[in-house]
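Q: For the sequence shown, the numbering used here gives the first residue as 1006, with consecutive numbering after it.
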Amino acid sequence: MRVKTIHVVWIQGLLAFAEVIINPSWSTVIALALEEGKERNTYSNFYGYRSLFEGGAAILGGVLASSLGFNVLFSLMAGFALTASLLALFLEKN
């Protein structure tokens, strides 16, 4: 199956929807971990590192897509997403 532009658009839409769902959860986790006087440091570290890793993932994804094709890239993304989802089920609420 060839990946068409509309497939990429749909995947980006799904990722945006997932981001809308997960952002409030992450904000809650960060808010619960805040220490008095270190709020800016905690938020900047979290979002700064997150942005760096997202940028690195985008670059790596572009390299993989151009060298191995979109099917391999999407399969890897799906595998990582499923693994992360399964691992999240085993997290304790401590």
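Idealized CB from N, CA, C, for every residue including glycine. Since we're looking at a predicted model, the values are computed, not measured.
In whole angstroms, what is the alpha-carbon distance linking F1085 and N1046?
A: Taking the sequence shown and counting its residues from 1, the one referred to as residue 1085 is at position 80. Taking the sequence shown and counting its residues from 1, the one referred to as residue 1046 is at position 41. Distance between the alpha carbons of F1085 and N1046 is about 29 Å.
Q: Distance check for L1039 and L1081, CA to CA, integer angstroms please.
A: As a working note, residue 1081 is residue 76 in the sequence shown. As a working note, residue 1039 is residue 34 in the sequence shown. Cα to Cα, L1081 sits roughly 34 Å from L1039.
Q: Answer yes or no: do S1091 and L1078 have a C-beta to C-beta separation smaller than 8 Å?
A: The sequence position of residue 1091 within the sequence shown is 86, counting from 1. The sequence position of residue 1078 within the sequence shown is 73, counting from 1. Per the sequence presented here, residue 1091 reads as Leu, with Ser not at that position. In this structure, L1078 does not lie closer than 8 Å to L1091 by Cβ.
Q: May I have the straight-line CA-CA distance separating K1043 from L1065, to the nearest angstrom?
A: Taking the sequence shown and counting its residues from 1, the one referred to as residue 1043 is at position 38. Taking the sequence shown and counting its residues from 1, the one referred to as residue 1065 is at position 60. K1043 and L1065: Cα-Cα distance of roughly 33 Å.
Q: By the DSSP assignment, the alpha helix (DSSP H) with L1057 in it spans what residues?
A: Your numbering for residue 1057 matches position 52 in the sequence shown. Where L1057 is concerned, the enclosing alpha helix (DSSP H) stretches over 1044–1073.
Q: Taking a contact to mean a Cβ-Cβ separation below 8 Å, would you say I1027 touches Y1048 in this structure?
A: Along the sequence shown, read from residue 1 onward, the residue named residue 1027 stands at position 22. Along the sequence shown, read from residue 1 onward, the residue named residue 1048 stands at position 43. Their beta carbons are not under 8 Å apart, which means I1027 does not touch Y1048 by this criterion.
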